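Reviewing the structure listed below.
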């Protein structure tokens, strides 16, 4: 029709329960036998080598404070632990395959060049263990079982950050955003602009040259539009867009506020505020609140 369209594609994977096809799981057999600590160290080193992170700004926080030991060849549950991560990887693989199908369809329709695509997760890796933490009778993979990766693998998945989903440290709330729009966006760019899901609607409206309505179809007034447009960041017109108000998070007793580069975090079990300068310490290893008087 020539009119802009919007399509939301929310995959459940790789959220628990971790289910995957046997052929996909087989691709990752033995890939994670060194354990979660080794996986995190390997991923951190690769991120530094690729230039994705500066180790001075992203110092490695160290092992998960609630870590369990995984020593190759010395764990009774080693095969089961590996299978958890192998299945998770297979789920991500399956998502990748199906994103490829979407891109192929757009190409066949001849609209791929002028279609803006955003790919992201809504939170960090999940450490939740509903139904029991380590029930080895629950086999990851088949649909008959309700299994999960647990906190140790989740911590490795969140490299280089601390914590995981449901926490307000960066491991819980910071995720990468991959954007594709061949007609407008030059490929292979990296930006460290802070964004939030509330910024999507303003961005889409600007991209589609649309206007945010003041009333709905019944004539009721709508809430004011939240967020800022990130379009100029995506197209490379600007390197940074200032946000006029702070960002807030609150979940399960965990809280956080970010304004500019400063972020305060309240962990419900810590019972005190933590303060970080994310421009200097993105992995939140230096709590500046301890220095405040």
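Residue numbers (the working numbering): 60 to 352.
By construction, the Cβ of each residue, glycine as well, lies at the ideal position given by its N, Cα and C atoms.
As the structure is a prediction and not an experimental result, all values here were calculated from the model.
Item: Contact under 8 Å by Cβ, residue 257 with residue 308; Value: no
Item: Simplified DSSP assignment, three categories, for residue 178; Value: strand
Item: Distance CB(residue 225)-CB(residue 311) smaller than 8 Å; Value: yes
Item: Which listed residue (146, 229 and 176) has its alpha carbon closest to that of residue 202; Value: 146
Item: Residues that DSSP places opposite residue 169 in a beta bridge; Value: Note: residue 169 sits in no beta bridge, so no partner.
Item: Rounded straight-line distance, which links the Cα of residue 88 to that of residue 118; Value: 31 Å
Item: Assigned secondary structure, residue 243 (DSSP; H/G/I helix, E/B strand, else coil); Value: coil
Item: Beta-carbon proximity check, residue 186 vs residue 95, cutoff 8 Å; Value: no
Item: Residue 79 vs residue 150 beta-carbon contact at 8 Å; Value: yes
Item: 8 Å contact criterion, which residue 212 and residue 144 should meet: CB distance rounded; Value: 5 Å
Item: Cβ-Cβ separation, residue 254 to residue 282 (assumed contact under 8 Å), whole Å; Value: Between residue 254 and residue 282 the Cβ distance is about 20 Å, and since that is not below 8 Å, they are no contact.
Item: Residue 350 versus residue 122 - alpha carbon distance; Value: 24 Å
Item: CA-to-CA distance, residue 139 to residue 220, given in whole angstroms; Value: 26 Å
Item: C-beta contact flag for residue 324 and residue 218 at 8 Å; Value: no
Item: Closer than 7 Å: residue 304 CB and nearest the ligand ADP heavy atom; Value: Inclusion of the ligand ADP in the displayed structure is not the case, the ligand content being empty and no account of it being possible.
Item: Straight-line gap, residue 166 to residue 152 (C-alpha atoms, nearest Å); Value: 21 Å
Item: Proximal residues to residue 333 (C-beta, below 6 Å), its chain only, five neighbours per side dropped; Value: 324, 346 and 348
Item: Beta-carbon proximity list for residue 240, same chain, < 6 Å, skipping 5 on both sides; Value: 175
Item: Inter-stretch contact (C-beta, 8 Å, three-pair minimum) for the region 288-301 and the region 267-280; Value: no
Item: Close Cβ partners of residue 335 (< 6 Å) along its chain, the five nearest in sequence each way excluded; Value: 322 and 343
Item: Limits of the beta strand (DSSP E) - the one that residue 306 falls within; Value: 306-310
Item: Coarse secondary structure for residue 90, derived from DSSP in three states; Value: coil
Item: Straight-line Cα distance separating residue 291 from residue 154; Value: 29 Å
Item: For residue 356, three-class secondary structure by DSSP; Value: Residue 356 lies beyond the residue range present for the chain, which begins at 60 and ends at 352; the question has no answer from this structure.
Item: Reduced DSSP secondary structure (H/G/I, E/B, other) of residue 222; Value: coil
Item: Residues bridged to residue 280 [DSSP beta-bridge criterion]; Value: 274
Item: Of the residues 267, 274, 272 and 188, the one placed nearest residue 356, counting alpha carbons only; Value: Summary: the structure shown does not reach residue 356, with the chain confined to residues 60 through 352, and so no result is reported for it.
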